[in-house]
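Chains as they are written, first to last, in my numbering: chain A, 1366 to 1740; chain B, 9 to 214. The beta carbon of each residue, even a glycine, is placed where N, CA and C say it ideally should be. Please read these numbers as outputs of a predicted model, since none were measured by experiment. Right, one structure below, let's go through it.
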């Protein structure tokens, strides 16, 4: 009966009192988007506590042909309409409150029409652009300074990278191969790219010493890059004749299948040195612990913070996070690459100042700096 | 020229994608989608070469009767059997290929993942030998965290879960975020170095 009454006496009355509609409805083009979307804002109905939500209706004419395009729950004041919204067309909106018993408030109409359009620049990313510009300027500045002055910049010692030569030498002395695991990341991951940079240095060294190098790969594109990098390394060392394509090979795309295969290589071929560089996930300990059991000297480097404790536990040396990226500059000692590390350090100082000042101001109730970092 | 062309391609593609990040225009997202499609096409071609690489390395192992060459026979026969089943039996729900995936490959992977618990135990045993001050500290903190994560910990020391929460959310989180800030900056620096042609190790360091 109540349902029938609800349909007949619209808008209906809840508990003997008419439900009040939301107010101040505004419809406008969704900012910083690719078009095809309109945002509708409203102020909550004074009866928000007793209603279940808000119905949003849309039409292309002011008085007729309205259709319901969305429903938002109680306490919500915003809806993004991206259902069949065409750019350049005027849309009219109205919103009403609804109870659980399907009792309705009168409609509240939007003050004005809304037309969707696309934008050429996302203003909400301005802080990212400023940060990128600052960092790039610092980077170019330090690289140019390093290039023109040719001065050797100071780099703190990284034990894991200092031990690299020793690890390669050990494999040579023992007459055993060196296993280089470039992780299970894809080529677009920076950790994998850093692993390829280190692989080039390692390939040069093993080519000089004549030590066999084994590089099992999980990703086909990484495989092709690894092959090229190793080949270039052997060529740069003047030993292209020693390069063997079949030592840089594909295993499987399966994460644990890859771990099983690499574990098998460690147990059967017993490499004297294992290098784990790149992106690692749950397989990190399976690999490092097996290598540890075979008695190999192990150096790991990853930017995956959650895998670092496993490598620290099971490997002789571990490159922590950014040390993986710095490895290429550290090993080559090229002034231009070292200049980039200097730029990173200065950026860290700037960030540190922002963090300290931001934290102090936030404690004092001023959130200006904290908001600067909102993305 | 052999190195200039890849450097130019890297610069154009890298700068293009940076610009794309700031431009919400539909053309920008279309270019990005197009780049993803190209990536997939390249991936498929690379996969063919990767499978060839797998076959060559295993055939060589069998020919030379290297250690564990019998596993290579299993690998190659599995590869061709499953490929034939997929090609002739089709893919999708209810097919033999799906059943092989569900009842052979997934349990095998899960088994290997489960082994991680034993690997963790042996690694923890080695790490927790309190030979140095750092190792002793690690041992104490690990014991406190483990103790606070089980019901008996709370029963014995009422504030234990709060202490554990504080350890995880304050010193642990501070250290993690410190590393993450370094990683973030390192990522940007590495990307910029490659885009601007400063880092050339991946091309042989020329």
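Residue i, buried or exposed, once every other Cβ within 10 Å from all chains shown has been counted against 16
i: residue 177 of chain B; result: exposed
i: residue 209 of chain B; result: buried
i: residue 1657 of chain A; result: buried
i: residue 1470 of chain A; result: buried
i: residue 217 of chain B; result: Only positions 9 to 214 of chain B appear in the structure, and residue 217 of chain B is not among them; the question remains open.
i: residue 1522 of chain A; result: exposed
i: residue 92 of chain B; result: exposed
i: residue 1583 of chain A; result: buried
i: residue 1561 of chain A; result: buried
i: residue 1672 of chain A; result: buried
i: residue 1695 of chain A; result: buried
i: residue 1309 of chain A; result: Residue 1309 of chain A lies beyond the residue range present for chain A, which begins at 1366 and ends at 1740; the question has no answer from this structure.
i: residue 1652 of chain A; result: buried
i: residue 1709 of chain A; result: buried
i: residue 158 of chain B; result: exposed
i: residue 54 of chain B; result: buried
Neighbouring residues, chain B, relative to residue i (Cβ below 9 angstroms)
i: residue 1437 of chain A; result: Under the 9 angstroms cutoff, chain B gives no residues; its nearest Cβ is about 24 angstroms from residue 1437 of chain A.
i: residue 1393 of chain A; result: Neighbours of residue 1393 of chain A on chain B: none; closest Cβ ~16 angstroms, over 9 angstroms.
i: residue 1450 of chain A; result: None at all; the shortest Cβ gap to chain B is about 13 angstroms.
i: residue 1622 of chain A; result: 113, 116, 117 and 120
CB contact check: residue i to chain A, cutoff 8 angstroms
i: residue 107 of chain B; result: no
i: residue 79 of chain B; result: yes
i: residue 134 of chain B; result: yes
i: residue 64 of chain B; result: yes
i: residue 191 of chain B; result: yes
i: residue 176 of chain B; result: no
i: residue 181 of chain B; result: no
i: residue 128 of chain B; result: yes
i: residue 11 of chain B; result: no
i: residue 43 of chain B; result: no
i: residue 194 of chain B; result: yes
i: residue 123 of chain B; result: yes
Contact set between residue i and chain A, taken where Cβ atoms lie within less than 7 angstroms
i: residue 188 of chain B; result: 1670
i: residue 197 of chain B; result: 1504, 1690, 1705, 1708 and 1709
i: residue 202 of chain B; result: 1558
Integer-rounded CB distance, given that residue j should sit under 8 angstroms from residue i
i: residue 1526 of chain A; j: residue 1705 of chain A; result: Incorrect: roughly 16 angstroms between the Cβ atoms, too far for contact.
i: residue 17 of chain B; j: residue 1586 of chain A; result: Between residue 1586 of chain A and residue 17 of chain B the Cβ distance is about 15 angstroms, and since that is not below 8 angstroms, they are no contact.
i: residue 1405 of chain A; j: residue 1458 of chain A; result: 5 angstroms
i: residue 1546 of chain A; j: residue 1640 of chain A; result: 7 angstroms
i: residue 1670 of chain A; j: residue 188 of chain B; result: 6 angstroms
i: residue 1452 of chain A; j: residue 1419 of chain A; result: That pair is no contact at about 26 angstroms.
i: residue 1737 of chain A; j: residue 1487 of chain A; result: Wrong, their Cβ atoms sit about 16 angstroms apart, outside the cutoff.
i: residue 1554 of chain A; j: residue 1644 of chain A; result: 5 angstroms
i: residue 1664 of chain A; j: residue 1544 of chain A; result: The pair is not a contact, with the Cβ atoms about 11 angstroms apart (cut-off 8 angstroms).
Residue i, DSSP secondary structure in three states
i: residue 20 of chain B; result: helix
i: residue 33 of chain B; result: coil
i: residue 1439 of chain A; result: coil
i: residue 1573 of chain A; result: helix
i: residue 1668 of chain A; result: coil
i: residue 1374 of chain A; result: Any reading at residue 1374 of chain A must be qualified, since the residue scores a pLDDT of 44, below 50, and its modelled position is unreliable; the value itself is stated next. Residue 1374 of chain A: coil per DSSP, three-state reduction.
i: residue 1644 of chain A; result: strand
i: residue 66 of chain B; result: helix
i: residue 130 of chain B; result: helix
i: residue 169 of chain B; result: helix
i: residue 1485 of chain A; result: coil
i: residue 1432 of chain A; result: strand
i: residue 1601 of chain A; result: helix
i: residue 1581 of chain A; result: strand
Chain B within 8 angstroms of residue i, Cβ atoms only
i: residue 1500 of chain A; result: yes
i: residue 1654 of chain A; result: yes
i: residue 1370 of chain A; result: At residue 1370 of chain A the pLDDT is 45, less than 50, meaning the model places this residue with poor confidence and gives no usable figure here.
i: residue 1557 of chain A; result: no
i: residue 1684 of chain A; result: no
i: residue 1687 of chain A; result: yes
i: residue 1638 of chain A; result: no
Under 7 angstroms by beta carbon: chain B residues contacting residue i
i: residue 1483 of chain A; result: 32, 33 and 34
i: residue 1550 of chain A; result: What residue 1550 of chain A touches in chain B: nothing, since even the nearest Cβ is about 12 angstroms away.
i: residue 1633 of chain A; result: 75 and 76
i: residue 1486 of chain A; result: 30 and 31
i: residue 1544 of chain A; result: Correct list: empty, because the minimum Cβ distance to chain B is about 14 angstroms.
i: residue 1398 of chain A; result: 32
i: residue 1508 of chain A; result: 206
Chain A contact residues for residue i, given Cβ-Cβ distances below 8 angstroms
i: residue 50 of chain B; result: 1586
Under 9 angstroms from the C-beta of residue i: neighbouring residues of chain A
i: residue 164 of chain B; result: The contacting residues do not exist; residue 164 of chain B stays about 27 angstroms from chain A at best.
i: residue 68 of chain B; result: 1611
i: residue 57 of chain B; result: 1585, 1588, 1589 and 1615
i: residue 85 of chain B; result: Within chain A, no residue comes near residue 85 of chain B; the closest Cβ sits about 15 angstroms away, beyond 9 angstroms.
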